[in-house]
Structures are given as C-alpha cells and as structure tokens.
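Residue numbering for the sequence shown follows our numbering, starting at 1 and increasing by one per position.
Backbone N, C-alpha and C define an ideal beta-carbon position, used for all residues, glycine too.
The structure appears right after this line, and notes come after that.
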Amino acid sequence: YEPENEAARRLYAGFGFVEQGLDEDDEMIAVLELGG
C-alpha cells in the first residue's frame, strides 16, 4: 500500500501485519508471520 494511506496501515496492522519497508515503486511491504 502507499505509505501515506493511513486507513490501509491501520487495517493491515489490525490483522497483525508488520511493515518491512518500501519496494522499488515506493509501496509499503507488510508481512504477516504465521505461527508454526
């Protein structure tokens, strides 16, 4: 998602996604680590 998109940031964070940084298009990369 675009870093300035606060709604997306809150949505993903609410589901447990963790921001990893920006990709080559300056879009935020967020990952969800699954237990295992």
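DSSP, reduced to helix, strand and coil, places Glu19 within a strand of the structure shown. Non-local beta-carbon contacts of Tyr12 in its own chain, meaning distances under 6 Å to residues more than five positions away in sequence, involve Ala30 in chain order.
Phe17 and Asp25 have their C-alpha atoms some 20 Å from each other. A direct Cα-Cα distance of roughly 16 Å separates Leu32 from Leu22. Ala30 is bridged by DSSP to Glu19.
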